[in-house]
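J.: Below is a structure I'd like to ask you about.
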Amino acid sequence: GAVVSQHPSWVICKSGTSVKIECRSLDFQATTMFWYRQFPKQSLMLMATSNEGSKATYEQGVEKDKFLINHASLTLSTLTVTSAHPEDSSFYICSATRQGHSDNEQFFGPGTRLTVL
Amino acid sequence: GNSVTQMEGPVTLSEEAFLTINCTYTATGYPSLFWYVQYPGEGLQLLLKATKADDKGSNKGFEATYRKETTSFHLEKGSVQVSDSAVYFCALSGSSASKIIFGSGTRLSIRP
Numbered sequence: 001g002a003v004v005s006q007h008p009s010w011v012i013c014k015s016g017t018s019v020k021i022e023c024r025s026l027d028f029q030a031t032t033m034f035w036y037r038q039f040p041k042q043s044l045m046l047m048a049t050s051n052e053g054s055k056a057t058y059e060q061g062v063e064k065d066k067f068l069i070n071h072a073s074l075t076l077s078t079l080t081v082t083s084a085h086p087e088d089s090s091f092y093i094c095s096a097t098r099q100g101h102s103d104n105e106q107f108f109g110p111g112t113r114l115t116v117l
Numbered sequence: 118g119n120s121v122t123q124m125e126g127p128v129t130l131s132e133e134a135f136l137t138i139n140c141t142y143t144a145t146g147y148p149s150l151f152w153y154v155q156y157p158g159e160g161l162q163l164l165l166k167a168t169k170a171d172d173k174g175s176n177k178g179f180e181a182t183y184r185k186e187t188t189s190f191h192l193e194k195g196s197v198q199v200s201d202s203a204v205y206f207c208a209l210s211g212s213s214a215s216k217i218i219f220g221s222g223t224r225l226s227i228r229p
């Protein structure tokens, strides 16, 4: 149980285009979803926290107009990288916490590798 | 601010060897500490955790003890297997219970 999926698993796009990444909780309802970014050989850096039906909370230094997060249901959150540039190339990982569980354990998706040419 | 530092990899060991991956942290207050594991092609999974000083987390033969005096949470296993090959992340969660801060990860490879 507590499986999180991401789609796509990898994407290559041209500079200036927008890319949407989906994060789904497959067998539970997610109270909160998180989006992380990971550069090679570096830590996962939290980008934003989102709750269903409300605006995402972005970490300092993360451009909310560039990284649009929509959390339309208790099982789906999307991250849209708008007007992507090569410096946005990275590994994006989402996670979710289960509704009704007080332990706040996060369950992680397998990640999406974005390459911007 | 809060931070986590873990030993750089990659770490390569022979099967049945003893494993230690060092992790130290900087935090205000009393954070919860975690080890996550990421197997090839999969998402991060919680391996073990400890929520207060002197707690020992354990799972699948791995152990880590929350040492407040040395601000450490080193991961150990007495006899590693090939199936333990993965990337291991040390992490902490501070006063904001849901926000997790990760170390840079340590890639572990076990030779048969």
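In order, the protein sequence lines correspond to chains A and B. Once you know that position 87 of the first sequence is 87 in my numbering, the rest is easy, because the numbers rise by one and skip nothing. In short: position in the second sequence from 1, add 117, done, that's my numbering. Positions of the beta carbon are idealized from the N, C-alpha and C atoms, including for glycine.
1. Can you pull out the residues from the region 200-219 of chain B whose beta carbon lies closer than 9 Å to at least one beta carbon of chain A?
2. Under three-state DSSP, which class holds Ser200(B)?
3. Quick one: grab the DSSP three-state call for Glu193(B).
4. In three-state DSSP terms, what is Glu59(A)?
5. Please report whether the beta-carbon of Gly160(B) lies at a distance below 7 Å from any beta-carbon of chain A.
6. Would you list the residues sitting across from Gly158(B) in a DSSP beta bridge?
7. Got a sec: is the Cβ-Cβ distance from Ser221(B) to anything in chain A below 7 Å?
8. With a CB to CB cut of under 6 Å and the five nearest residues on each side skipped, what residues in its chain are close to Gly16(A)?
9. In chain B, which residues lie less than 7 Å from Gln106(A) when you measure between Cβ atoms?
10. Is there a C-beta anywhere in chain B that falls below 7 Å from the one on Gly109(A)?
T.: According to the structure data:
1. For the region 200-219 of chain B, residues whose beta-carbon sits nearer than 9 Å to a beta-carbon of chain A comprise Phe206, Ala208, Ser210, Ala214, Ser215, Lys216, Ile217, Ile218, Phe219.
2. Working through the second sequence from its first residue, we reach residue 200(B) at position 83. Assignment of Ser200(B) by DSSP, reduced to helix, strand and coil, places it in the helix class.
3. Within the second sequence, residue 193(B) is the residue found at index 76, counting from 1. For Glu193(B), the secondary structure class from DSSP, reduced to helix, strand or coil, is strand.
4. If you number the first sequence from 1, residue 59(A) lands on position 59. The three-state secondary structure of Glu59(A), taken from DSSP, is coil.
5. Here residue 160(B) refers to the residue found at position 43 of the second sequence. Taking Cβ atoms only, chain A reaches closer than 7 Å to Gly160(B), which makes this a yes.
6. Position 41 of the second sequence, counted from the first residue, corresponds to residue 158(B). According to DSSP, which records beta bridges pairwise, Gly158(B) is partnered with nothing at all.
7. One-based indexing of the second sequence puts residue 221(B) at position 104. Closer than 7 Å to some Cβ of chain A, the Cβ of Ser221(B) qualifies, so yes.
8. Position 16 of the first sequence, counted from the start, is the residue given in the question as residue 16(A). For Gly16(A), where only same-chain residues beyond five positions count, the Cβ hits under 6 Å are Ser83.
9. For this step, residue 106(A) is matched to residue 106 along the first sequence. Within 7 Å Cβ-Cβ: Ile217.
10. Start at 1 with the first residue of the first sequence, and residue 109(A) comes out as number 109. At least one chain B Cβ lies under 7 Å of Gly109(A).
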